[in-house]
Amino acid sequence: MARKKPLPFDPIDEASRQWGRRWGAVEQMRAVTSLMRAQQIVIGELDEILRKHGLTFARFEALVLLTFSRRGSLPLGKMGERLQVHPTSVTSIVRRLESAGLVTRTPHPDDGRAILCEISAEGRELVERATADLVDADFALRGLTDDQLQMLWSVLLPLRQTAGDFDPDDD
Numbered sequence: 011m012a013r014k015k016p017l018p019f020d021p022i023d024e025a026s027r028q029w030g031r032r033w034g035a036v037e038q039m040r041a042v043t044s045l046m047r048a049q050q051i052v053i054g055e056l057d058e059i060l061r062k063h064g065l066t067f068a069r070f071e072a073l074v075l076l077t078f079s080r081r082g083s084l085p086l087g088k089m090g091e092r093l094q095v096h097p098t099s100v101t102s103i104v105r106r107l108e109s110a111g112l113v114t115r116t117p118h119p120d121d122g123r124a125i126l127c128e129i130s131a132e133g134r135e136l137v138e139r140a141t142a143d144l145v146d147a148d149f150a151l152r153g154l155t156d157d158q159l160q161m162l163w164s165v166l167l168p169l170r171q172t173a174g175d176f177d178p179d180d181d
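Residue numbering for the sequence shown follows this note's numbering, beginning at 11 and increasing consecutively.
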C-alpha cells in the first residue's frame with residue numbers, strides 16, 4: 011500500500027486536546043477516533059490485497075465461511091447469521107461470487123424456502139491464494155506483536171459481546 015508522508019504530529023492527539031477544552035469523555039473520543047482510523051487503514055490495505063484476486067473482504071469472508079463448512083455449502087440465512095450481515099447483503103455477495111464462478115446456488119434439498127450456497131473448486135483455489143497474500147501481509151496489522159494482537163482481540167471482546175455479537179453462555 012502506498013504510504014503518504016506522515017504528519018509531523020498526531021492529529022487524534024491534537025483533536026483530543028481540543029475536545030477536552032469543550033467537552034468530556036476525552037478518552038472515549040480518542041479511543042473511538044483511533045479505532046475508526048485503524049479500521050480505515052486496515053480495510054484499505056486488505057482491499058488492495060484482495061482486489062488483485064477480484065474480491066472484497068466481504069466476499070473473501072463468505073468464501074472462507076463456506077470453506078470451513080463440512081460440506082462446502084450453507085443456507086444463505088445461516089451465512090448471513092455467521093457473517094453478521096443483513097440478508098440482502100448476503101444475497102448481493104453470493105450473486106457476485108456466483109457470477110465469478112466461485113460459488114453455486116441451489117434449492118435446499120430439505121427446506122423448500124431456503125437456498126444453499128456451495129463453494130466451487132475455483133472458489134477453494136482462490137481462497138488459498140488470497141489467504142496466502144493476507145497472511146504474508148500480516149492481515150494489514152504489521153507492527154503489532156503477537157502479545158499486542160492478543161490484547162487487541164481481548165480489549166474488543168467485551169465491546170462485541172455487549173453489542174450482542176454472541177452469548178458465550180448460550181451453548
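Ideal Cβ placement from N, Cα and C applies to all residues, glycine included.
- Within the same chain, D57, L60 come within 7 Å of T66 by CB-CB distance, once the 5 residues on both sides are set aside.
- Boundaries of the alpha helix (DSSP H) harbouring L107: 97–109, taken from the DSSP string.
- Residue environment analysis places R69 among the buried positions, since at least 16 neighbouring C-beta atoms fall within 10 angstroms of its C-beta.
- L112 is a Cβ neighbour of E132, given a cutoff of 8 Å.
- In the structure shown, P119 adopts coil according to DSSP, grouped into three states.
- If you check the CB distance, L93 and V104 do not come in under 8 Å.
- The shortest CA-to-CA distance from F149 to any of S109, A72, I51 is the one to I51.
- Look at P85 here: in three-state DSSP terms it is strand.
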